[in-house]
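>
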Amino acid sequence: MGVNMVEKFEPRIVGFLCNWCSYAGADLAGTSKLQIPSSLTPIRVMCTSRIDPVLVLTAFLRGADGVLIAGCHPGDCHYDEGNYYARRRFAIVKKVVEGLGLEKDRLRLSWVSASEGQRFADVVKEFNETITKLGPNPMKKEASL
Amino acid sequence: MKIGVYICECGPNIAEKVDIDEVIKAVKPLDNVAVVERFKLLCSQDGKQFLADQIKKHELTHLVVAACSPREHQQTFMDVCEQEGLNPYLFQLANIREQCAWITDDKKEATKKAIRLTKAAVARVQYHTPLEKQQIESNPDVLVIGGGIAGIQASLQLAGPERTIHLVEKTSSLGGLSQYYEKTFPDMKPCASFIKGLIETVKNNPHINVYTNTEIEEILGFFGNFEITVKQTTTPEATAAFEVGAVVVATGATPFNPEHISKYGYQKIENVITALDFEQMNLSGKITLKNGKPPKSVAIIHCVGREEKGYCSQICCMYSIKFIRYLQKKVPSTKITNFYTDLCIPGKSQQHFYEQSLGNHVDFIRMSDLQITKQSDKIQITYSNEKDASKKLSVDMVILSPVLEPTQGLSSIIESTRISQGEKGFLTEEHEKIAPVSTSTEGVFIAGCSHGPKSIEETMSQAEAVTGHILTSLIPGQKIEPEVKVSHISESFCIGCKTCLNVCCYGAITFDDLKKVSVVNEVICRGCGNCVAACPSGAITLKHFTHNQVYHEVKEAVQ
Amino acid sequence: MNKKEPFSDILVVGAGIAGIQASLMLSKAKKNVHLIEKTSYTGGASIKYEEVFSNMECSTCMLAPIQQQLLQDKNITLHTLSTIKGVKGSQGNYIVTIEKKARYVDMVNCIGCNACFDPCPVSVKNEFEEGLNERKAIFVPCAGALPNVPMIDTEHCLRFKNKKCTACQEACMFEAIDYNQKDETFDIKVGAIIVATGFSLFDTQKTPHYGYGTLDDVYTALEFERLYASNGPTEGTIQLKKGDSPKSAAIIHCVGRKEQGYCSSVCCLYSLKFTHYLTSKLPDIKIYNLYSDLCIPGKSHQKFYEKMKDAGTTLLRADAIKVEKKGKSMEITYTDENNKKTSITVDMVILAPALLPHPDTMGLAKTLDIAVDDHEFFKENDTTSSCVSSSKPGIYIVGCAQGPKNIQDSVTQASAAVGKILSSS
Amino acid sequence: MKKSIRETIKDFLMKAMEKGVFDAVLIPMKVPAGDSYVYVLIKDKALVKDADPLPPVMSVQGGKAVSSVTRLGKGNLKIAAVMRPCEVRATNELEKNEQVNPENITLISIDCPGVLPLHDFTSNPEEGLAVFEQAEKKHDDTKMRPVCQICDNSSLIAGDLHIGTLGAAKDSVFLIAHSHKGQEVLQTLQLSSKGSLASWKKQVQEKVENKKKQRSMTHKQLKKQIGGLENLIDTFSRCLNCHNCMRACPVCFCRLCYFDSEKVKNVREDYMQQAQEKGTLRFPPDTTLFHIGRMTHMSVSCVSCGACEDACPVSLPVAQVFSMIADETQGLFEYLAGRNREEPLPMKTFKEDELHEMEDAHD
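Protein chains in written order, with my numbering: chain B, 807 to 951; chain R, 11 to 569; chain Z, 8 to 432; chain C, 782 to 1144.
1) For Ala378(Z), I'd like the list of residues in its chain whose CB is within less than 6 Å of its CB, leaving aside the five on either flank, ordered along the chain.
2) My understanding is that Val258(R) touches Ala124(R), with C-beta atoms under 8 Å, so please give their C-beta distance in whole angstroms.
3) Taking a contact to mean a Cβ-Cβ separation below 8 Å, would you say Gln930(C) touches Asp921(C) in this structure?
4) Grab me the residues of Ser828(B)'s own chain with a C-beta within less than 6 Å of its C-beta, minus the 5 sequence neighbours each way, in chain order.
5) For Gln924(B), would you say it is in contact with chain Z, using Cβ-to-Cβ distances shorter than 8 Å as the test?
6) In whole angstroms, what separates the C-alpha of Lys1005(C) from that of Leu823(B)?
7) Please return the same chain residues whose Cβ sits closer than 8 Å to the Cβ of Val856(C), not counting the five positions on each side in sequence.
8) Leaving out five residues on either side along the sequence, give the residues of the same chain with a beta carbon under 6 Å from the beta carbon of Cys53(R).
9) Output needed for Ser278(Z): all residues of its chain with C-beta closer than 7 Å, excluding positions within five of it in sequence on either side, in chain order.
10) Kindly indicate which residue of Ile145(Z), Ser97(Z) and Phe14(Z) has the alpha-carbon position closest to the one of Ser47(Z).
11) My parser needs the alpha helix (DSSP H) runs of 4 or more residues fully inside the region 898 to 935 of chain C; what are they?
12) Counting only Cβ-Cβ distances shorter than 8 Å, please list the residues of the region 341 to 353 of chain Z near chain R, keeping chain order.
13) Between which two residues does the beta strand (DSSP E) carrying Lys333(Z) extend?
14) Which class does His1024(C) belong to by DSSP, given the choice of helix, strand or coil?
15) So which residues of chain C does Arg44(R) contact, with C-beta pairs closer than 9 Å?
16) Just grab the DSSP bridge partners of Arg376(R) for me.
17) Please state whether DSSP places Cys65(Z) in a helix, a strand or coil.
18) If we define contact as Cβ-Cβ less than 8 Å, is Pro880(B) a contact residue for chain C?
19) List, from N- to C-terminal side, the alpha helix (DSSP H) runs of 4 residues or more that fit wholly inside the region 810 to 865 of chain C.
20) Mind pulling the chain R residues with CB within less than 9 Å of Ala832(B)?
21) Taking the alpha carbon of Glu1043(C) as the point to measure from, which residue in Tyr561(R), Ala567(R), Leu187(R) and His461(R) has its own alpha carbon closest?
22) If contacts are defined as beta-carbon pairs under 8 Å, then Glu879(C) and Cys313(R) qualify, I think. What distance do you get, rounded to the angstrom?
23) Looking only at C-alpha atoms, which of Leu511(R), Leu524(R), His554(R) and Gln242(R) sits nearest to Cys545(R)?
24) Who are the near neighbours of Glu452(R) in its chain, counting only those whose CB is closer than 8 Å to its CB and skipping five residues on each side?
25) Under 9 Å, CB to CB, which of the residues in the region 1038 to 1070 of chain C have a partner in chain B?
26) Could you tell me which chain R residues have their CB closer than 7 Å to the CB of Cys952(B), listed as they occur along the chain?
27) Taking DSSP as the reference, what is the three-state secondary structure of Trp840(B)?
28) Residues in the same chain with beta-carbon distance under 6 Å from Thr264(R), minus the five sequence neighbours each way, listed in chain order, please.
29) Check Val568(R) in the structure and name its three-state DSSP category.
30) For Phe436(R), which residues in chain Z fall below 9 Å Cβ to Cβ?
31) Answer with yes or no whether the minimum CB distance from Leu846(B) to chain C is below 8 Å.
32) Checking contacts by CB at 8 Å: is Thr419(Z) closer than that to chain R?
33) How long is the line joining the alpha carbons of Ala77(R) and Val930(B), rounded to whole angstroms?
34) Is there at least one Cβ from chain B nearer than 8 Å to Ala183(Z)'s Cβ?
35) In angstroms with no decimal places, state the Cα-to-Cα distance between Gln381(R) and Lys273(R).
36) Spell out a yes or no on whether the region 794 to 802 of chain C and the region 239 to 248 of chain Z are touching, meaning 3 or more CB-CB pairs, one atom from each, closer than 8 Å.
Here it is, written out as structure tokens:
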């Protein structure tokens, strides 16, 4: 077990990014060559409103150490209102997770615009730190999940 | 299934940051992966040719490219697929440059992430299905609601041998408000006569059907295929029905009625008239008081109703200044006083027009708390200005320049087209900046003062802008090609809870009352996927972003 | 009625938001479009803004998608660094001579990795950032610029000053950098021309009493836009030249209005927008708006104005404004609405200058043989009908090239020109 | 005594049918075997006397019954549906989801003493009845189902008409109209709730207050018990994945449950991969996903009626856990499922300015 202790923990973070704002922001972070932890794997969706609770839960139960949903700032949604619905759905998942005494801090919702490359970098860095503190998601190894 | 996976070195950009051989090693053994190769630069001509040859050579059924952001070259590679007869939606691009190679200097990290991203793309692409562009018949004809200058201009520019325009006007005559204006600002060009001319051209145009005294009863259908029913206001049982591909709402605006604001004394004090009264008086040829004499002094009150309505109508200052010109021409000796709060004369020619209108008989006073009362045979105006409160001025005639309000009675149009109305009652554009004349309902456009108060100039531009949109999207003889990545509702799983109807802000979902299920209209759907996440039964799938496709991406992301 | 078969292609001059809108619409109608742009990038002035009034929407999020669409559109040929040298013919049959300056970077080979910037030994002020930071002699104006392909500025590049520098070429793995590229001149045949050359700002040096150029922390509106921009020189941190953040700021409206003799119609609104910029980054900052007549026309703008007022700005009706140094900060003296001389002290001054025609307007007007007005904006043929028809049939003027206006009206005019072209063809 | 209250209620219903206020009554009735109760639609008013408006168990949730009668549109029968407050709330939730057409339905609720666990009752009906009668008389809910013991909405009025028994004089009940429809009924029958409601309100308030206390206490304990990954897994490890809880749930109205659909069925390779990651993989799989997933799907509509727990063959505390989570998720939107048929479903709407605590901190 000592080995496990010293073994470096590399978080696995699933990042649902909306095509119009946050994915563009992430690209901008890239073109600006900002240093960002590689722990986040971006998954492009057209709008954050596409992300249903079950997708988030599946990622979470499948052992994702963190799940990030990032979309256009309120009012900027490419589809007018999508991100408002997304926020409600996310709130429910987070409440349920919290209510069951699971680690709600592994779920995060952020607004990142297409011009906020730096902000995207900061969000990922922050989240990565949070997750590193939390350590690996125990669910990953849980046989009865 | 034969998946080809190709990793782009992007010169040093990826090659130096990612150990591509490691990626190849990790991807090769995956099920259904027929071939994995690296290439110097896949977006180059050679690169595209290379991919094309590979697709042929290995008879690939699916293609995965690990390179730059989809925002850069997704289209490029989809085109290659298309050329090779591979459905472009059987392709997936893994972004291992912007969001991998470029954000870390740690090669091991980058390589691991590149492997995750590529595996995710491979996992995802296996669940892709070919998507085909649909083509939908459409009707090039257009319904124009409102026979004001906006409606007239739109009709004239749209009408043609292959396109019939149905111009519906609520009142008995075409022309709208501006038919009462003798001249326009800022260059005092003739207006009323100009409009008369336009109306004649409309009447003589064989491709424009004019319906006066007519209202909209119902608008059914969607972009390309609307079914319209109109009814006569004079004899309501008399209705007509026709089909069009697009709808233009040009219902205009009406001047705010100051009658109920006592301080203006309108309808109570003689010779207190509104701008429209004055325009008509001026058009009739004579500017006189009730007693037939010409006014020796006139006050023009700006911003009437602005406080009540909560917005600036942007043209009141300008037409008030135009009134100075009218007066200077017809009753030269008159003393003219303009009472204003903020002089709103935006635009390159407006200030010049204002300056040209000044003269020894003309005053501009910035006022507040104004009050109009009767004073024997004259009218007294009490007001405060910068320096002192309750100053007085008595005049023969007062012209009130009221704000513009949206025309009332649009509910049937708004409901049946599902366009929305802002808090001030004006119609809401699709996007304040980049889509000002289209609405959230595809194929329904707005022009002129129904959209917001504006000058004839801007009204014309909007009317022409609308024709621009219609002429580009509704071409006679051409079918409409709706978005491919749209939602689809499974009839057998839908329970008819209508949640999707509630969350769709494009009105793309309708309810089939017989089957008690929701149905997506692919012509209107924009493919955001909101309804998918909203559906409790999981009866809705968004093409190219299906649960399975996303799930398998997620699954690999946590490895 | 042309005897000749009219050319079906269309020329659009200027790849700002109006030019882009027109091009995309024409392409949708299956027209081939030549879009020429003087600079090396698309998006014009609007991509310099972080947010746009009145919805405070992120400008990049609004524009990037249509810029991408433009670059991928097969019916549109984008010629950057290009200008019109000459025009022959008439409506339906224009033959336009285009001069395309060499970019010295191959648009096809370059993949936008930016590897060529660092090795470049030259550093000069970055015009795009209003000189608030520096760029190399090979550069893209800002991160996220589209097309994401740099250009070489021959005015500063050592190599073009007969020095032997090949730093960028060595750094490029794609043989994208080609010093031997030549400026080219070629003809295109088009049926109609849309002129969307945009605006420039009033030169605030001409009004020294506002202290621009002499006082450190007096900024123009565009400078301030870039200061707030998250992809700008300070990544959106609003700071004074010395680096500390201002405790108070004054926004002076109508700069150059007297000199120009017209109201630019957007200054009051974007000045109010700055209130949001400032308070969102510096919640406790004290803000003054010094204006003469508040011009906020339209259905939604008064509400916006009220919102901004609540956000925390003091509106002062001011005349005879003068800005002077006072200790660490600045003193603004002015006469208030009761003609009383008063003054305020602030750390930062932002000037809202009038919108002027693009400097090339006169030249272009001459080349195209179309009329301009007293202010040297392109002159519309007739205001009672459309304002987008120039004095010459087949040539249309849209956006701020025709007169100062906001994005909405520019886009509307662009669409209107398309309407005119398609209904006449 | 209470028996006579039942009679009073039935008399009222029969009178109403006589007067043609209702053409039929949808009401629970003991099954011939005597070991359970079901909802019956009574057309012949004479048969109403055999019904039991307050059965000791809830073997069918009334909401489901109303839904099956009206889902495909209003019938021409005017029906009175007599049920418990939580059943009325379920009906309202179903209406918001277009699963109930309320037009010809009059929803009548009764102060609810709670019900016994279904298993306990069916195993020994006679004893069950006795227990229930005692419990009702003594206002003692210790034998009732756990969710009933912590129900703070047992007198909540969400329908058209409510029958208050608490604080009522002998043989009499309070008739409380809660909608135009309800008022009409009382008017046509020339009835009005005798005297003031003061005594009823007082008792209800007392009951609600101490139930609220109990509820939060119990939920705190429950959270300790099942909270956290280990406990959660222990709690649900018995789950057979039979999905009975979902089938019994009144607000689970889907034709095919999301969690029975292909969407959550993984391909073999997938299970292999999971087994590899975890070392072993439990079958049936994804039981936890099912329960947590269901919470995200319908906890905002959960009325804590307990039907799911009755339906569970391995007696998981499903209802208790759901009621706990429901309080949290509904709290997000200051929503109480079924309380008010006008209140829009949280998932069908949004506010521009809300839930900022859910977003990460940013300028």
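For each residue, glycine too, the CB sits at the ideal point set by N, CA and C.
This is what the structure gives:
1) By 1-based counting over the third sequence, the position of residue 378(Z) is 371. The beta carbon of Ala378(Z) lies closer than 6 Å to those of Lys386 and Ser398 in the same chain, with the five residues before and after it left out.
2) To locate residue 258(R), count along the second sequence from 1; it is residue 248. To locate residue 124(R), count along the second sequence from 1; it is residue 114. Incorrect: roughly 52 Å between the Cβ atoms, too far for contact.
3) Within the fourth sequence, the letter at position 149 stands for residue 930(C). Within the fourth sequence, the letter at position 140 stands for residue 921(C). Their beta carbons are not under 8 Å apart, which means Gln930(C) does not touch Asp921(C) by this criterion.
4) Residue 828(B) sits at position 22 when you count from the first residue of the first sequence. For Ser828(B), the CB contacts under 6 Å within the same chain, skipping 5 residues up- and downstream, are Ala876, Gly877 and Val918 in chain order.
5) As a position in the first sequence, residue 924(B) is number 118, starting the count at 1. Closer than 8 Å: yes.
6) Here residue 1005(C) refers to the residue found at position 224 of the fourth sequence. Here residue 823(B) refers to the residue found at position 17 of the first sequence. Taking the Cα positions, Lys1005(C) is about 35 Å away from Leu823(B).
7) Locating residue 856(C) in the fourth sequence gives position 75, where the first residue counts as 1. Rather than Val, the amino acid found at residue 856(C) in this sequence is Gly. Hits under 8 Å: Val850 and Asn885.
8) On the second sequence, residue 53(R) is found 43 positions in, with the first residue counted as 1. His83 and Thr86, listed in sequence order.
9) Here residue 278(Z) is taken as the residue at index 271 of the third sequence, counted from 1. Once the five neighbours on either side are set aside, the close Cβ partners of Ser278(Z) are Ile258, His260, Asn296 and Ala359.
10) On the third sequence, residue 47(Z) is found 40 positions in, with the first residue counted as 1. Measuring from the Cα of Ser47(Z), the nearest candidate turns out to be Ile145(Z).
11) You should have 899 to 904, 906 to 919 and 927 to 930.
12) Listed in chain order, the positions of the region 341 to 353 of chain Z with a beta carbon within less than 8 Å of a beta carbon of chain R are Glu344, Asn345 and Asn346.
13) One-based indexing of the third sequence puts residue 333(Z) at position 326. Counting along the chain, the beta strand (DSSP E) containing Lys333(Z) begins and ends at Asp326 to Lys333.
14) For the purposes of this step, residue 1024(C) is taken as residue 243 along the fourth sequence, with counting starting at 1. When secondary structure is reduced to three states using DSSP, His1024(C) falls in the coil class, being assigned neither helix nor strand.
15) By 1-based counting over the second sequence, the position of residue 44(R) is 34. The residue asked about is misnamed: residue 44(R) is Ala in this sequence, not Arg. Neighbours of Ala44(R) on chain C: none; closest Cβ ~17 Å, over 9 Å.
16) In the second sequence, counting from the first residue as 1, residue 376(R) sits at position 366. Within the DSSP secondary-structure output, Arg376(R) pairs in a beta bridge with Tyr350(R).
17) As a working note, residue 65(Z) is residue 58 in the third sequence. Strand.
18) Position 74 of the first sequence, counted from the first residue, corresponds to residue 880(B). It does: the Cβ of Pro880(B) has a partner Cβ on chain C nearer than 8 Å.
19) Whole alpha helix (DSSP H) segments, 4+ residues: 843 to 851.
20) The sequence position of residue 832(B) within the first sequence is 26, counting from 1. Per Cβ cutoff of 9 Å: Ser79, Asn105, Glu108, Gln109 and Ile113.
21) Residue mapping note: residue 1043(C) aligns to position 262 of the fourth sequence, counting from 1. Per the Cα distances, Tyr561(R).
22) Taking the first residue of the fourth sequence as 1, we reach residue 879(C) at position 98. Taking the first residue of the second sequence as 1, we reach residue 313(R) at position 303. Incorrect: roughly 49 Å between the Cβ atoms, too far for contact.
23) The residue given as residue 545(R) occupies position 535 in the second sequence. Considering only alpha carbons, the answer is Leu511(R).
24) Looking up residue 452(R) in the second sequence gives position 442. Here the set comprises Phe232, Phe233, Tyr516, Val533 and Ile534.
25) Flagged, chain order: Tyr1039, Phe1040, Lys1044, Val1045, Gln1055, Ala1056, Glu1058, Lys1059, Gly1060, Thr1061, Leu1062, Arg1063, Pro1066, Asp1067, Thr1068, Thr1069 and Leu1070.
26) An answer regarding residue 952(B) cannot be provided, because it is not within the stretch 807 to 951 covered by chain B.
27) Here residue 840(B) refers to the residue found at position 34 when the first sequence is read from its first residue. Looking at the sequence shown, residue 840(B) is not Trp but Leu. DSSP places Leu840(B) in coil when its eight states are reduced to three.
28) By 1-based counting over the second sequence, the position of residue 264(R) is 254. The answer, listed in chain order, is Glu415 and Thr417.
29) Residue numbering aside, residue 568(R) sits at position 558 when the second sequence is read from its first letter. Looking at Val568(R) - three-state DSSP - the assignment turns out to be coil, as it is neither helix nor strand.
30) What you label residue 436(R) is simply residue 426 of the second sequence in a count that begins at 1. Listed along chain Z, the residues sitting closer than 9 Å to Phe436(R) by beta-carbon distance are Lys306 and Ser307.
31) In the first sequence, counting from the first residue as 1, residue 846(B) sits at position 40. False, the Cβ-Cβ gap to chain C never drops below 8 Å.
32) Numbered from its first residue, the third sequence carries residue 419(Z) at position 412. Closer than 8 Å: yes.
33) The residue labelled residue 77(R) in the question sits at position 67 within the second sequence. The residue labelled residue 930(B) in the question sits at position 124 within the first sequence. C-alpha separation (whole angstroms): 22 Å.
34) Residue 183(Z) sits at position 176 when you count from the first residue of the third sequence. Cβ-Cβ to chain B under 8 Å: no for Ala183(Z).
35) The residue you call residue 381(R) lines up with position 371 of the second sequence. The residue you call residue 273(R) lines up with position 263 of the second sequence. The alpha-carbon atoms of Gln381(R) and Lys273(R) are separated by roughly 5 Å.
36) Contact fails: fewer than three Cβ-Cβ distances are below 8 Å.
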